[in-house]
Structures are given as structure tokens and as C-alpha cells.
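A.B. asks: Using the working numbering, the letters of the sequence shown map in sequence onto residues 262 to 549.
For glycine and all other residues, C-beta sits at the position ideal for the given N, C-alpha and C.
Mind looking over this structure? Questions follow.
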Amino acid sequence: MTELATVCVLGSVNMDLTLRVEELPAPGATVLATSAMPAPGGKGANQAVAAARAGASVQFIGAVGSDGAAPMLRSHLADNNVGLDGLVEVDGPSGMATITVEDSGENCIVVAPGANTTFTLDEKVHKDIICSHDVLLCQLEIPVRVALTAARWAAEAGKQFVLNASPVPERSPDLAELAFRASVVVVNETEARSWLYPSRHLVTTLGDEGSRYRSPQGQITVPSYPVRPLDTTGAGDVFAGVLAAWWPQGAETALRRANVAGALATLRAGAGNCAPTGARIELSLKGS
Numbered sequence: 262m263t264e265l266a267t268v269c270v271l272g273s274v275n276m277d278l279t280l281r282v283e284e285l286p287a288p289g290a291t292v293l294a295t296s297a298m299p300a301p302g303g304k305g306a307n308q309a310v311a312a313a314r315a316g317a318s319v320q321f322i323g324a325v326g327s328d329g330a331a332p333m334l335r336s337h338l339a340d341n342n343v344g345l346d347g348l349v350e351v352d353g354p355s356g357m358a359t360i361t362v363e364d365s366g367e368n369c370i371v372v373a374p375g376a377n378t379t380f381t382l383d384e385k386v387h388k389d390i391i392c393s394h395d396v397l398l399c400q401l402e403i404p405v406r407v408a409l410t411a412a413r414w415a416a417e418a419g420k421q422f423v424l425n426a427s428p429v430p431e432r433s434p435d436l437a438e439l440a441f442r443a444s445v446v447v448v449n450e451t452e453a454r455s456w457l458y459p460s461r462h463l464v465t466t467l468g469d470e471g472s473r474y475r476s477p478q479g480q481i482t483v484p485s486y487p488v489r490p491l492d493t494t495g496a497g498d499v500f501a502g503v504l505a506a507w508w509p510q511g512a513e514t515a516l517r518r519a520n521v522a523g524a525l526a527t528l529r530a531g532a533g534n535c536a537p538t539g540a541r542i543e544l545s546l547k548g549s
């Protein structure tokens, strides 16, 4: 069996409240939810869990608050074999998100970042964690300056840096440097229209059309794995986590597995617990 990369994930961890509705409400409208489900989530945590379930050795760097949600968030990561050496606790609330999902599987998300935007990196602790892993994976639900510090450390150590540019923040010199330092930038189609920085290596997820990789050597499109989605909420996070775990094995190899993992993630409700195992990914690849 191929040995996957060791991955350090720097990012957000939230307590999610997922609401199921028949249709997403129009502006000014009120609708009744058919169900409500609280569960751990956050882009960083979701991606860390996805990489770990795929078979990678994973450490998570991020922050929880000093509230009742923190123990559940810690347990969720630990139960999924994600290392917590870089997780810190800060005063105030943990991150929270409300996710509204309609029957088609489409969703809209509102995030209250809480602890995710108040923590800072400790060079004595976090630099060693980053530099001891093959790949650094970041998203942008954390401050750009925090991600940039980590990216600089990764570059000093010759590590690969996967940047999931989601959500796309306002333009800034720090964001420009972050984009420059990325080994590969991952965006969806909506984010791609807002991502204004040149990226030598760019992966764009295309929903049910698969994913596209553009590099100085050319462009490849990898088709999707066909499923009937129940909930698309965590699919992009699962894609990014699995892509990072497989990235050192080559772009096409990583994209094929990330496509399958992202598709399988849509078959389960909720973002934090939808990632498939590595065995399930490989089995699905053989059957496709």
C-alpha cells in the first residue's frame, strides 16, 4: 500500500448547526426546518479528519474557545486519529457555523469565527510541528497573517504547501505572498472567479464535472465519480484533505482520489463526519 504524506493542517474548527429545509429561503423569507443537527465541523477540522481517514498521519493546529463546545471539538478530532499537539484554547467562544441544506443537497453557510480569528502561532511549538510534516494544508477561515507565518516556516523547511483559498478574503499584500508561496491553490468554481492572484499550480473543483488542474506544463481535467448527493456541505473540505494527503504522489493520482472522496462525502449528512476511509476510496476507484 502506498504510504501517504504526513500532513499538518492549520485551520478552523467550529461547532456546526445543520438545518435541513425543502428549499433555501429567498431574501426576507422565513422557512421551517425539517431537522436540526449540531455537530463538530469547520474547514480545518473537516480537512484534517478527511486526510486522517484516508490514511495519512495528521496533526492539527488551531484554536477552541473556553466554552462548552471545546471538549466536544477536541474529542471529535482525537476520535478520528488527528493529533492535537498544536491545538490551543483561547478565551471566548469557539467558532460556530449555521449550515442550511435544501433537499437537492445545495447549501448556504454563515460562520461566526470566534476562537479561529483570535489565536496566534507559538514559534516554539507550532514551527516544529509544521516542519516535521511533508505537507502544510491551510484554509482561510483563519487570519491570513497566521497562515502566512506558517507558510514561511514550511518554505524554510522545504515542505509543500497546499492552500485552499476558501473563503476568499479581501486583497492584501499578505494574501499575495501567501498565494505566491503555495505549492498548489485549491478553489471551487465560485472562488475561482474571485481569486485574482496568479497561481502556477491551480486546482479547481467543478462539482459533478470533476476537477481541473492547471500548471505551467498544461491542464488536465479528471472526471467526477457519479453519485446522487444527499448533502454537499463537506465535499470540498474532504476533497482538499485527501488531495493534500496524496499530493506528493502526483497531481493526477491525487485528483482521482480526491474526486472520489468528495463524491462519497455527499452521501452522508453533515460536514464533520462525512469523509470516507482510504479503503472505501480505493474500492470505489476500482469499481469506477
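1. May I ask which residues mark the beginning and end of the beta strand (DSSP E) holding Q480?
2. For P374, does the count of other Cβ atoms within 10 angstroms reach 16, so buried, or fall short, so exposed?
3. Out of curiosity, what's the CA-to-CA distance linking E264 and L397?
4. So, with DSSP's three-state summary, where would you put E417?
5. Give the straight-line distance between the Cα atoms of D389 and A437, rounded to the nearest whole angstrom.
6. What's the C-alpha gap between T222 and A297?
7. Taking A358 and G302 to be in contact with their CB atoms under 8 Å, please state how far apart those CB atoms are, rounded to whole angstroms.
8. Taking just the CA atoms, how far does A408 sit from C392?
9. For Y486, which residues in the same chain have their Cβ closer than 7 Å to its Cβ, ignoring the five residues on either side in sequence?
10. Would you mind listing the alpha helix (DSSP H) stretches within the stretch 318-370 that are 4+ residues and don't spill past its ends, in chain order?
11. Would you say the stretch 335-342 touches the stretch 353-371, given that touching needs at least three Cβ pairs under 8 Å?
12. What are the boundary residues of the beta strand (DSSP E) that includes L398?
13. Have a look at V325, L285, V448 and A415 and flag the residue whose alpha-carbon is nearest the alpha-carbon of I370.
C.D. replies: Looking at the coordinates:
1. Q480 -> beta strand (DSSP E) spans G479 to V483.
2. P374 comes out buried.
3. When rounded, the distance between both Cα atoms is 17 Å.
4. Three-state DSSP puts E417 in a helix.
5. Between the C-alpha atoms of D389 and A437 there is a straight-line separation of about 25 Å.
6. In the structure displayed, the chain extends from 262 to 549; residue 222 sits before or after that span and is not available.
7. Beta-carbon to beta-carbon, A358 and G302 are separated by about 6 Å, close enough to satisfy the 8 Å threshold.
8. If I take the Cα positions, the gap works out to 14 Å.
9. Cβ-Cβ distances below 7 Å link Y486 to N520, V521, A524, S545 and S549 in the same chain, with the five nearest sequence neighbours on each side left out; the list follows chain order.
10. The qualifying runs are 330-340.
11. These segments do not touch.
12. Counting along the chain, the beta strand (DSSP E) containing L398 begins and ends at V396 to C399.
13. Check the Cα spacing between I370 and each of V325, L285, V448 and A415: the tightest is with L285.
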